[in-house]
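Chains as they are written, first to last, in the numbering used here: chain A, 923 to 1369; chain B, 214 to 486. All C-beta atoms, glycine included, are put in the ideal place defined by N, C-alpha and C. Everything below concerns the one structure shown next.
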Amino acid sequence: MKISLRRIAMGAVATTAIGCATTTAHADATITIATVNNGDMVIMQGLSDRFEQSHPGIHLRWVVLEENTLRQRLTTDIATDAGQFDVLTIGNYDAPIWAKQGWLSPLDMPASYDVGDLLKPVRDGLTYKGQLYGLPFYAESAMTYYRSDLFRKAGLTMPAQPTYAEVRGFADRLTDKAHGIYGMCLRGKPGWGLNMATVTSMVHAFGGQWFDTAWRAQIDTPSWRQAVGYYVDILQKDGPPGATSNGFNENLALFAGGHCAMWIDATVAAGSLYDKKSSSVADSVAFAPMPTGSFTGGPTWLWSWNLAIPRTSHNQEAAKQFVAWATSKQYVQLVAQQKGWVAVPPGTRASTYASPEYKQAAPFAGFVVAAIDSSNPNGQTKAPRPATGAQFVAIPEFQGIGTQVGQIVASALAGQTSVEQALRRSQSVTDRTMRQAGYSASGAPSP
Amino acid sequence: MQQSRLKRVLILLAGWCVALLLFFPILWMVLTSFKTEIAAISTPPLLFFRPTLSAYAAVQAQSNYLHFALNSIVISVGGTVVALLLSIPAAYAMAFHPTRRTRGTLLWMLSTKMLPPVGVLVPIYLLFKTSGLLDTRIGLLGIYALMNLPITVWMLFTFFREMPHDILEAGRMDGAGTWGEVWHLLLPLTMPGVASTGLLSLILCWNEAFWSLNVTSVNAAPLTAFIASFSSPEGLFFAKLSAASTMAVAPILVFGWFSQRQLVRGLTFGAVK
């Protein structure tokens, strides 16, 4: 009884606070929100009637699409000035590129929103020329998940900060193919945001980079050979069969089903792996930071899903109110109260990580925030680089280049080509695309 | 005698194997829709499991299925009717009053199907934006009708050509005009062909995903958009996606089941004289 009264009181406070935090619109407006079908977005959709209650003049309509379809749909709509959408869900890869194109409305938030509470690397990823163009809904870095029971049984201990060399040793020891246990699971499915996210962060750790400061591709180099060689070798030796068809979801299923001893991937998986309803290894999952290579302190991994308002929206003010609501501290409270602390959108606000309830509900919270803080998306690789981005390169051409190189790397993983051949081909594919895109052959970026 | 029986059994077995092979993806989708998310992606895949309706419940809670289904029905039926209304006269003219350019025209019509749709996305998007057709049923209906036109004209042309000219001539002798000829003679006699053309067009409209995802958002979004909304870049979704797909294909599957006799009759129409 006591608990339920407390819950009701918390609910009332949260709802009132959200109502006060955002001013109520007077004129009727219907805003169309384009989003993806991730768990946190589904919760937002479910709770959005609270927003409509506290903002009686604003009605919400939802368009939920698969990530790549959504990106294509949004770019077509904005480029043709059609104005079908008022709120967009975009990644931190898209935000600065779209802001540069003049597609997004700048977001000047009131003091009550507390922009300073947003984690700095995440906020920086959404800032173009000092102006914020998107608000983070949830963010993730990457970490190493491992099975403490298998480690114990083999007499192994995961160091506080593992290296790639150590991890390979563990994977070799733990692989037991006869019993369906694979030492290492990694993304193998080709795509700029799939296998190339893993490969890019490895390349940075091994001292490599995509481009030098003159935009010349740096793929056919010793650092890439070392990184991709390591990736192909560990997956061929210790990875699950058919690794080239495994993306985030497939590896999540493999790990949750007890088939992976280690898995390096997005921090957002932690919630599912700790949930006994969706994971058969909830009791034995443990975590460590991403392994390090020969170059430490370089960019590692940072992805955020953000809400932004296109310039073409006819309901700028109403859209801004919704975006502020969905990314506010009060929204975090609302989710905590309705769905439990473990379900709150992670990786965006310092206040979430300061909450003792969250720390208790999510034992991985400290690791996640530390991983995000050290993700260093704007930082430098071993040799200076011309672009930003942790596990991607923040230029429009990267989608195409990343996917093409991803396919070539996957063919090396499948054993159809050698790592050396794959990197030579990747180098020439990247050179050609960059030349065609107007980055001149001499290396100077196009005017 | 025994040998011919054995032959029949073997043919029957082979037929069942092919049918099962073709039907297996649909069967697997339906089975997956009754699994939990974890069971849906377990390795090795589970053939026996405790069925649950949780995926259907989640799909229902998240989306308004009826809204999408109604859009699919209106757009597919509308698109098919418009396509037939345009292609019957076109095929009639080409089959019974051919000119030197008929063959070329037919090939040119078919060639429009060879262009990848994305090639004309931006022009069509701009046209739709200017004429206020974005996210409207009538807009998508128009695209579907035009998209299927080459196929319906070709199919009807083939069916009409099978029809003996003498019958139409006899009709004309008895005083039938062009309209009477088409309405009272041509259409009744080629009805299996017309029906199967209509059915094929309906199925193509129902399954079309490129345009429906690109020119609709909320109001006119059909079942393809409904399915697409359950694919997730992060998180398990196969059971929900399978449930959504099962719900999306169910109406057309039931429709296909009832009209299969007509469809087979139409597709083999005129094949054996």
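Own chain residues within Cβ distance below 7 Å of residue i, not counting five before or after
i: B:Trp419; result: Ser285, Ser289, Ile465
i: A:Gly933; result: The predicted position of A:Gly933 is uncertain, since its pLDDT is 49 and thus under 50; a value taken from the coordinates is nonetheless stated next. Excluding residues within five positions, the ones whose Cβ falls inside 7 Å are Gln1259.
i: B:Ala296; result: Ala358, Asn361, Leu362, Thr365, Ser414
i: A:Ile1000; result: Trp1025, Pro1232, Thr1234
i: A:Lys1251; result: Asp1036, Asp1039, Arg1271, Ser1273
i: A:Leu1345; result: Ile1141, Asp1142, Trp1146, Arg1147, Val1150
i: A:Leu1096; result: Leu1072, Ala1076, Ile1103, Gly1105, Ala1183
i: B:Thr245; result: Ala253, Phe451, Ala452, Ser455
i: A:Ser1364; result: No answer about A:Ser1364 holds up, because its pLDDT of 48 lies below 50 and its placement is not dependable.
i: A:Pro1058; result: Leu1040, Val1044, Leu1048, Ser1226, Asn1228, Thr1249, Thr1270
i: A:Gly1322; result: Thr1355
Contact check, residue i vs residue j, beta carbons under 8 Å
i: A:Arg1109; j: A:Ala1183; result: no
i: A:Lys1111; j: A:Thr1189; result: no
i: A:Phe1209; j: A:Tyr1086; result: no
i: A:Ser1123; j: A:Ile1294; result: no
i: B:Ala441; j: A:Glu1239; result: no
i: B:Pro446; j: A:Asn1014; result: no
i: A:Gly1129; j: A:Phe1217; result: yes
i: A:Gly1299; j: A:Pro1081; result: First, the residue type needs correcting, since residue 1299 of chain A is Pro and not Gly in the sequence shown. Result no, Cβ atoms of A:Pro1299 and A:Pro1081 do not sit closer than 8 Å.
i: B:Tyr305; j: B:Phe247; result: no
i: A:Tyr1394; j: A:Ala1021; result: With chain A running from 923 to 1369 in the structure shown, residue 1394 of chain A is simply not present.
i: A:Gly1328; j: A:Gly1113; result: yes
i: A:Ala1284; j: A:Val1257; result: no
i: A:Pro1308; j: A:Thr1135; result: yes
i: B:Pro435; j: B:Phe281; result: yes
i: A:Val1009; j: A:Phe1244; result: yes
Close-in-space but distant-in-sequence residues of the same chain around residue i (CB under 8 Å, 5 per side omitted)
i: B:His378; result: Phe309
i: B:Pro398; result: Per the sequence shown, residue 398 of chain B should be read as Leu rather than Pro. The answer, listed in chain order, is Ile380, Leu381, Gly384, Ala389.
i: B:Val428; result: Ile337, Tyr338, Phe341, Leu346, Leu347, Asp348, Gly352, Leu353, Ile356
i: B:Ile251; result: Leu449
Proximity test, Cβ basis, 8 Å: residue i and chain A
i: B:Gln216; result: no
i: B:Ser455; result: no
i: B:Ser348; result: Residue identity differs from the one stated: residue 348 of chain B is Asp in this sequence, not Ser. So, interface residue.
i: B:Asn284; result: no
i: B:Val287; result: no
i: B:Ile356; result: no
i: B:Ile254; result: yes
i: B:Val295; result: no
i: B:Val485; result: Confidence at B:Val485 is low in this model, with a pLDDT of 43, below 50, so the placement of that residue is unreliable and no value is reported for it.
i: B:Ser430; result: yes
i: B:Gln275; result: yes
i: B:Asn427; result: yes
i: B:Phe281; result: no
Cβ of residue i within 8 Å of any chain E Cβ
i: A:Ala1004; result: Here chain E cannot be found, since the structure's protein chains are A and B.
Cβ neighbours of residue i in the same chain (closer than 6 Å, five flanking residues each side left out)
i: A:Val1371; result: This structure gives no information on residue 1371 of chain A, because the portion of chain A shown stretches from 923 to 1369.
Residue-level contact to chain B via CB, residue i, 8 Å cutoff
i: A:Ser912; result: The displayed coordinates of chain A run from 923 to 1369. Any statement about residue 912 of chain A would go beyond what the structure contains.
i: A:Val964; result: yes
i: A:Phe1170; result: yes
i: A:Leu1229; result: no
i: A:Gly1105; result: no
i: A:Ala1119; result: no
i: A:Ala1175; result: yes
i: A:Thr997; result: no
i: A:Ala1076; result: no
i: A:His1101; result: no
i: A:Gly961; result: yes
Local conformation of residue i per DSSP, three classes
i: A:Ile1103; result: strand
i: A:Arg1069; result: strand
i: A:Tyr1015; result: coil
i: B:Phe247; result: coil
i: A:Ala947; result: Interpretation of A:Ala947 is limited by its pLDDT of 43, a score under 50 that renders its predicted location unreliable; the figure taken from the coordinates is listed afterwards. Reduced to three states, the DSSP call for A:Ala947 is coil.
i: B:Leu260; result: coil
i: A:Glu1342; result: helix
i: B:Ser276; result: coil
i: A:Ser926; result: Its pLDDT being 49, under 50, A:Ser926 is placed unreliably by the model, and nothing is read from it.
i: A:Ala939; result: Note that A:Ala939 scores a pLDDT of 47, beneath 50, so its modelled location is shaky and nothing firm can be said.
i: A:Gln1053; result: strand
i: A:Phe1059; result: strand
i: A:Thr954; result: strand
Report the residues of the region 436 to 447 of chain B with a CB closer than 7 Å to any CB of chain A, ordered along the chain. Residues passing the 7 Å Cβ filter: Ala441, Ser442, Phe443, Ser444, Ser445, Pro446, Glu447.
**Near-chain A residues of the region 316 to 344 of chain B (beta-carbon distance less than 9 Å), N- to C-terminal order** = Val331, Leu334, Val335, Tyr338, Leu339, Phe341, Lys342
(Q) So if I threshold CB-CB distances at 8 Å, which residues from the region 238 to 270 of chain B count as touching chain A? (A) Residues Glu250, Ile251, Ile254, Ser255, Thr256.
Next on the checklist: Short of 8 Å Cβ to Cβ, which residues in the region 977 to 997 of chain A face chain B?
Outcome noted: Arg983, Trp984, Val985, Val986, Leu987, Glu988, Glu989, Thr991, Gln994, Arg995
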